[in-house]
Amino acid sequence: MFSQMFNNIDFYKLSLDGLSERRNANLHNISNSNTPNYKRKTVSFENQLRDAIDKKGVYMRKTHPNHLGIGRGEFSPITKEDRSGNYRADGNNVDIDVENTDLWKTYYMYSLTTDLIKGEFDKYRTIIQEGGK
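Take the position in the sequence shown, starting the count at 1, then add 1346; the result is the number in the working numbering.
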């Protein structure tokens, strides 16, 4: 039972890692919005995370015989340079409105994920507090 107990938190942590990488890319894009020939960066991780959840073990490594953990080495958000056309005459393809919207969505998803983690810990606290009664 204990080996399965923290699997949700492990997946949430990976999601936070991916969202953090995406936020960094958005901030980098915003800070380079006036740099000639700069190409915006995008980060994807959802498919890897979905595969890890679906396959339950392909991306997981054992750090102890009784533990199942998700190894950071098997999961890495993918950062790509977006070369899909130029947004402006100077070769820069950053649309500041798109970046700000993506940044807000990323912040919102990060916040929701931290709420899910808090819910998991609240559940465990209740189990521990009520378990002895």
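Quick reminder that beta carbons are idealized off the backbone N, C-alpha and C, glycines included.
In this structure, the beta-carbon distance from P1423 to F1391 falls below 7 Å. Distance from the CA of E1476 to the CA of L1462, rounded to the nearest whole angstrom, comes to 21 Å.
A straight-line Cα-Cα distance of about 17 Å links N1380 and N1370. When DSSP states are grouped into helix, strand and coil, V1389 belongs to the strand group.
Excluding five sequence positions before and after D1363, the CB atoms of its chain that fall closer than 8 Å to its own CB belong to F1391, R1418, F1421 and P1423, given in chain order.
Excluding its 5 nearest sequence neighbours in each direction, D1448 has C-beta neighbours in its own chain below 8 Å: R1368 and N1372, listed in chain order. Taken through DSSP and simplified to helix, strand or coil, T1447 comes out as helix. Counting only residues of its own chain and dropping the five nearest sequence neighbours on each side, N1378 has a CB closer than 6 Å to the CB of Y1384.
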